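Asks: One structure, as structure tokens, below. Some questions next.
Residue numbers (the working numbering): 466 to 790.
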């Protein structure tokens with residue numbers, strides 16, 4: 466009743482498959498594969514709520530702190546509507562906050578935990594962990610998956626990936642898993658217009674950026690390197706930031722792997738609140754960044770990225786109802 470939208474048929478099917486697994490005597494090991502924006506997180510939440518309804522606990526593990534916090538923002542209102550408590554565990558929670566989260570989990574007051582690999586560290590104990598959901602599965606090793614599962618008794622595991630993989634490869638990589646696929650996106654989402662342009666046409670790209678900004682859109686500009694390198698002739702984020710800052714004063718932000726986590730959050734908040742329109746970054750924005758009014762992404766030296774990375778990066782736009790490029 467709380468959801469402001471209807472589930473897609475694909476989501477309903479996946480939730481049904483997962484529920485059947487959770488109800489069976491065998492341990493679940495299921496892969497949920499769905500394109501960026503197809504609603505995997507909501508399917509995961511429904512699976513977690515099924516475990517909680519049965520009197521157990523569930524965890525959602527993400528590869529980065531930014532993504533874990535984004536999941537927390539998605540999960541918390543839904544959990545709250547169901548009268549549940551969510552604990553957050555990442556490398557940054559220390560002192561009182563961490564102690565409170567650990568206590569809530571071991572005593573069972575928190576039914577759901579969201580976090581990074583901090584979720585399976587030695588001192589973390591759960592009252593009754595029954596389901597582990599692992600997002601961006603390809604970013605974790607098998608031993609990490611097993612360490613998390615070892616925190617409970619016969620823990621059911623759901624792993625999620627947005628990287629589109631052909632069936633043959635899926636069987637090779639995930640042969641030990643059952644698979645559910647989300648083949649449709651929520652209504653209103655449009656395909657992203659994808660083009661390849663030579664670097665010589667940079668001025669045209671800048672003009673297109675200008676038009677996008679005038680239309681009230683936001684722009685991601687992704688570079689392969691943080692700083693200039695003598696060995697590599699690739700565009701660096703720092704240089705591109707300086708270049709764009711002159712063309713679009715007071716509208717450009719810079720984000721990369723060396724940015725302090727507090728600073729990262731501030732930058733993303735400023736970008737979200739429309740104070741700035743262009744975010745220059747490295748692939749740090751690859752997963753989980755959700756800005757429905759970002760409709761243009763420019764990826765420089767695209768040949769330096771893997772296909773799954775490019776696919777993930779493209780998934781940062783087209784999350785609203787406008788046309789994206």
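Glycine is no exception: its CB is placed at the ideal position from the N, C-alpha and C atoms. Owing to the predicted nature of the structure, the values given are computational and were not obtained by experimental measurement.
Buried or exposed for residue 616, going by 16 or more other Cβ atoms inside 10 Å?
Replies: buried
Asks: Helix, strand or coil for residue 627? Go by DSSP, reduced to three states.
Replies: coil
Asks: Going by other Cβ atoms of all chains shown within 10 Å of its Cβ, with 16 needed for buried, is residue 582 buried or exposed?
Replies: buried
Asks: Quick one, which of 599, 585 and 541 has its alpha-carbon nearest residue 575's?
Replies: Distance from the Cα of residue 575 is smallest, within the candidate group 599, 585 and 541, for 541.
Asks: Note the first and the last residue of the continuous beta strand (DSSP E) segment covering residue 782.
Replies: Here residue 782 belongs to no beta strand (DSSP E), and DSSP marks it neither H nor E.
Asks: Residue 531 to residue 785, Cα distance in whole Å?
Replies: 21 Å
Asks: Determine, using beta carbons only, whether residue 580 and residue 553 come nearer to each other than 9 Å.
Replies: In this structure, residue 553 lies closer than 9 Å to residue 580 by Cβ.
Asks: Can residue 746 and residue 688 be called in contact, C-beta distance under 9 Å?
Replies: With contacts defined as CB atoms closer than 9 Å, residue 746 and residue 688 qualify as a contacting pair.
Asks: Okay, do the segment 466-475 and the segment 596-615 touch, 3+ Cβ pairs below 8 Å being the bar?
Replies: no
Asks: Is the separation between the beta-carbon of residue 543 and that of residue 536 shorter than 9 Å?
Replies: No. Outside cutoff.
Asks: For residue 715, which option in 743, 727 and 731 has the closest C-alpha, if you only look at C-alpha atoms?
Replies: 743
Asks: What residue range does the beta strand (DSSP E) around residue 580 cover?
Replies: 577-580
Asks: To the nearest angstrom, how far is the alpha carbon of residue 501 from that of residue 659?
Replies: Straight-line spacing of the CA atoms in residue 501 and residue 659 works out to 15 Å.
Asks: Pick out whichever of 529, 505 and 514 has its Cα sitting closest to the Cα of residue 547.
Replies: With distances taken between Cα atoms, residue 547 lies closest to 514.
Asks: Below 8 Å, can you find three or more Cβ-Cβ pairs linking the segment 490-510 to the segment 678-687?
Replies: no
Asks: In the DSSP assignment, find the beta strand (DSSP E) that holds residue 746 and state where it starts and stops.
Replies: 743-746
Asks: Could you check if residue 558 is buried or exposed, using at least 16 other CB atoms within 10 Å of its CB as the buried criterion?
Replies: buried
Asks: Taking only runs of the beta strand (DSSP E) that begin and end inside the segment 490-539, which ones reach a length of at least 3 residues, in chain order?
Replies: 494-499 and 522-526
Asks: Following the continuous beta strand (DSSP E) through residue 599, name the residue where it begins and the one where it ends.
Replies: 594-599
Asks: Restricting to Cα atoms, I'd like to know which of 495, 585 and 467 is closest to residue 480.
Replies: The alpha carbon of residue 480 has as its nearest neighbour, out of 495, 585 and 467, the alpha carbon of 495.
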